[in-house]
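In my numbering, the protein residues as written are 15 to 422.
Spelled out as structure tokens, the structure:
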């Protein structure tokens, strides 16, 4: 075939047309080379517009460059052949096998090996036929018999090939089923992998949450310890403040104790004088005895005031009672003093018996009297007498009992 090199503009136009029809970029490069070599657009289009892979396109191009017979190229383009089969048909075309014979063999859908065997038989039959045409009649008859035998052998081979093809088709069908099953199993494996990934992610989330809760608990424990330490520090400060307040109260009481003791001593003296005058007017003997007892008390007990104790009465009034330094009374003197405070008519009561022999001083006896006036029960008064408290401690004990009763 005579070719003429086209102009670059023509080549570029054809390439654009091929590209618009979906030709691959690598195939376009090969088609451009063939067009630039002068091969016609119609032949190049046989592979450029077919959507072939590069290996088939390159094989077609090489056969086209070696032999540009249009019928052969058309057969190669339409036969659905792989590169090896295409080259096989081209080779036997060069050996004298006609396009019609090649087309007949190619239409049988044979493998490359079986196709080559069939082409060998056709080529051999053609050679024998050509040789028989130049011999005598008997020889020609023999050649025709051989041709018939070869044709029968070819037919038998074709039958075997068809059977083989059916076997191959069944095997291909089974392979397809196995492939589908394998794809299904692969899909299941992927789903299991995704599910496992989800489980792993959930497990990591649970572990992270556990670590977060652990860290939070550790932080709370530290905060708890700090709060306990802070509370202990606050309690220490509170105790210190209470101690300082108590000291301040004691100092304040000490500052006011002197004037209060003097006033209480004066009031006691006035009350004693008034009692003596009244007693002398009622009964002289009683007055003499009371004066003697008062003298005895003054001479025996009152040696100077130390502190002034305060208690509250039944109606809430506050009484200050001097606490004096004095020696313990004898039982007889204590009994007389108790008769003076509580009255002679109660000397045989249980309270008098409880006071007898306890050695209470006048200040302590005054606290007992104030406790009776404050409404303490007999048992509470007895407990106060037996407590062994000083007069100041008795006053505080009476205040506590009265306050407790008030709250109840």
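C-beta atoms are modelled at their ideal positions from N, C-alpha and C, and glycine is treated no differently.
Query                                                                                                                                                                : Result
Determine, using beta carbons only, whether residue 55 and residue 42 come nearer to each other than 9 Å.                                                            : no
Is the beta carbon of residue 38 less than 9 Å from the beta carbon of residue 68?                                                                                   : yes
Use the C-beta contact count for residue 399: other C-beta atoms within 10 angstroms, 16 or more gives buried, fewer gives exposed.                                  : buried
Taking the straight line between their C-alpha atoms, what separation do you get for residue 99 and residue 129?                                                     : 8 Å
Put residue 258 into one of helix, strand or coil per three-state DSSP.                                                                                              : helix
Helix, strand or coil for residue 97? Go by DSSP, reduced to three states.                                                                                           : helix
Suppose contacts are defined by Cβ-Cβ distances below 9 Å. Is residue 405 in contact with residue 395 by that definition?                                            : no
Whole angstroms are fine: how far does the CA of residue 188 sit from the CA of residue 198?                                                                         : 15 Å
Exposed or buried, which one is residue 89 when buried takes at least 16 other CB atoms within 10 Å?                                                                 : buried
With 16 other CB atoms within 10 Å as the buried threshold, where does residue 208 fall?                                                                             : exposed
Leaving out the 5 sequence neighbours to the left and right, which residues in its chain are closer than 7 Å to residue 312 when beta-carbon positions are compared? : Confidence at residue 312 is low in this model, with a pLDDT of 41, below 50, so the placement of that residue is unreliable and no value is reported for it.
Restricting to Cα atoms, I'd like to know which of 392, 382 and 402 is closest to residue 413.                                                                       : 382
Rank 85, 40 and 30 by C-alpha distance to the C-alpha of residue 423 and give the top, closest one.                                                                  : Within the shown structure, residues of the chain are numbered from 15 to 422, placing residue 423 beyond reach of any answer.
Using 10 angstroms around the beta-carbon of residue 378, count the other beta-carbons present and answer buried if the total reaches 16, otherwise exposed.         : buried
So residue 35 is in the alpha helix (DSSP H); what residue range does that whole segment cover?                                                                      : Neither: residue 35 is in no alpha helix (DSSP H) and is coded neither H nor E.
Verify whether the separation of the beta carbon atoms of residue 121 and residue 96 is less than 9 Å.                                                               : no
Provide the residue span of the alpha helix (DSSP H) that contains residue 63, from first to last.                                                                   : Neither: residue 63 is in no alpha helix (DSSP H) and is coded neither H nor E.
Under 9 Å between the Cβ atoms of residue 104 and residue 80?                                                                                                        : yes
Out of 369, 416 and 40, which has the shortest C-alpha to C-alpha gap to residue 401?                                                                                : 369
Using three-state DSSP, classify residue 27 as helix, strand or coil.                                                                                                : helix
Return helix, strand or coil for residue 83, following the three-state DSSP convention.                                                                              : coil
From this set, 375, 391 and 114, which residue's C-alpha is nearest residue 365's C-alpha?                                                                           : 391
Under 7 Å Cβ to Cβ from residue 419, same chain only, skipping five residues before and after it: list those, please.                                                : none
CA-CA distance, residue 256 and residue 387?                                                                                                                         : 32 Å
Using the three-state DSSP reduction, which class does residue 404 fall into: helix, strand or coil?                                                                 : coil
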